[in-house]
Amino acid sequence: MNKIRPVPRHHADGLDTNTTDASSAGLTRRKTLLGLAVGGATVALSGSLLGCATPSDESEASSSEDGSSVDFDLAVAAPGASSVYPFALPALGFAHDAIEAVVDARTMEIHHGKHHQGYTNKLNAALEGNAEVQGKSLLTLLSGLQDLPDSVRTAVRNNGGGYLNHSLFWPLLAPGGGTSPEGGLAAAIDEQFGSVDGFRETFATQAKGLFGSGWAWLSADSTGALQITRYANQDTPLSSGLKPVLGIDVWEHAYYLKYQNRRGDYVNNFLDTVNWSQASANFAA
Ligand code: MN3
23 MNKIRPVPRH HADGLDTNTT DASSAGLTRR KTLLGLAVGG ATVALSGSLL GCATPSDESE
83 ASSSEDGSSV DFDLAVAAPG ASSVYPFALP ALGFAHDAIE AVVDARTMEI HHGKHHQGYT
143 NKLNAALEGN AEVQGKSLLT LLSGLQDLPD SVRTAVRNNG GGYLNHSLFW PLLAPGGGTS
203 PEGGLAAAID EQFGSVDGFR ETFATQAKGL FGSGWAWLSA DSTGALQITR YANQDTPLSS
263 GLKPVLGIDV WEHAYYLKYQ NRRGDYVNNF LDTVNWSQAS ANFAA
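Everything in the sequence shown is counted per my numbering, starting at 23 for the first residue and increasing by one.
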């Protein structure tokens, strides 16, 4: 079990919402916020553009707001995922053609074997020769980006984030077809979104509307409260003190061969194929 030290996040803005345009490892300046209704839920949009923050934008990043921590256990990641350097490409866990209803085999082959492998290789390369950073766990690195040397911070943010996000993503796909939320996660979804359908509508809206490349995540804070958060590039919920529960990769490399510009169809098919047992395990991790 790894203790994650959270960085101050969005309720510092006085908002009590379950969706946030976050981003940027909790390092984004959040000055202008506006609320709007999406799918019956209030959505907070940061005035900062996704991806425009830089790791040096550290005005809020150095201390915990309430001293609490988010626990997260990398054991829920794909088989073979590494928690420390050197990092190895984890197993996909199913055949490339096992989820054709969502993503075609060629895309899965490239996505796992080239993109995820690429993040793995580049993360290792960034840490090679830096013994001090090598000794830190991936979760420590990603939850403490502001503490890293300038020479490796961006590489860890992008490639460490890519390594983790994809390691969590593969097990969230159910080759046998989608299941239903279980246990504590089922109760939390009902409480936060009214129903699984309510969750689905809000999550799909966020995933479809994310500009450019990134991820939409259902995450939990240290109290177990859920929120849907969008991240640019390979930023992760861990970097804003949140526990990742269910995420979708909306980079074009994840769907373009099968869907071209029809991201919405990809998002809907993904939501039909969620391994909710895995998401429930992530929530409990
Ligand atoms: Mn990807």
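Even for Gly, the Cβ is constructed at its ideal location relative to N, Cα and C.
The C-beta of K136 has fewer than 16 other C-beta atoms within 10 Å across all chains shown, which makes the residue exposed.
The shortest C-alpha to C-alpha distance from Y278 to any of N181, Q168, Y253, M130 is the one to M130. Taking the Cβ of W192 as the reference point, every heavy atom of ligand 1 lies at 7 Å or farther away. Around the C-beta of A117, fewer than 16 other C-beta atoms lie within 10 Å, and the residue is accordingly described as exposed. Scanning its chain for C-beta atoms nearer than 6 Å, with the 5 sequence neighbours on each side dropped, one finds around W239 the residues T251, P259, P266, G269, in chain order. It is roughly 20 Å from the alpha-carbon of A254 to the alpha-carbon of L293.
Positions of the beta strand (DSSP E) runs, each at least 3 residues long and wholly inside the segment 91-138, are given as 92-94 in order along the chain.
For W273, the Cβ falls inside the 7 Å cut-off from some heavy atom of ligand 1. In the DSSP annotation of this structure, the continuous segment of the alpha helix (DSSP H) that includes Q300 starts and ends at 298-306.
The beta carbons of V98 and A276 sit no closer together than 8 Å. Counting of Cβ neighbours within 10 angstroms places R128 among the exposed residues, the total staying below 16. DSSP assignment within the segment 208-233 yields no whole beta strand (DSSP E) run of 3 residues or more. Rounded to whole angstroms, the Cβ separation of W298 and P203 is 5 Å, and the two are in contact under 8 Å. Assigned with DSSP and collapsed to three states, T251 falls in strand. A check of alpha carbon separations from V124 across A301, F305, Y288 identifies Y288 as the nearest. A direct Cα-Cα distance of roughly 7 Å separates S262 from S165. In this structure, the alpha-carbon of D172 lies about 27 Å from that of F233.
Put simply, the segment 223-232 does not touch the segment 145-163. Fewer than three CB pairs are less than 8 Å apart. In the three-state reduction of the DSSP assignment, K144 falls in the helix class, which pools H, G and I.
Its Cα nearest to that of A242, the residue L207 stands out among T142, P101, A100, L207. Cβ-Cβ distances below 7 Å link N291 to A123, V124 in the same chain, with the five nearest sequence neighbours on each side left out; the list follows chain order. In this structure, the CA atom of I132 is about 35 Å from the CA atom of S217. Secondary structure of W237 (DSSP, three-state): strand. Cβ atoms of G182 and L163 come within 8 Å of each other, at about 6 Å. For D271, the uninterrupted beta strand (DSSP E) segment begins and ends at 265-271. Under the DSSP assignment, V174 falls in the alpha helix (DSSP H) whose first and last residues are 172-177. For R175, the closest alpha carbon among the candidates H138, L195, L145 is that of L145.
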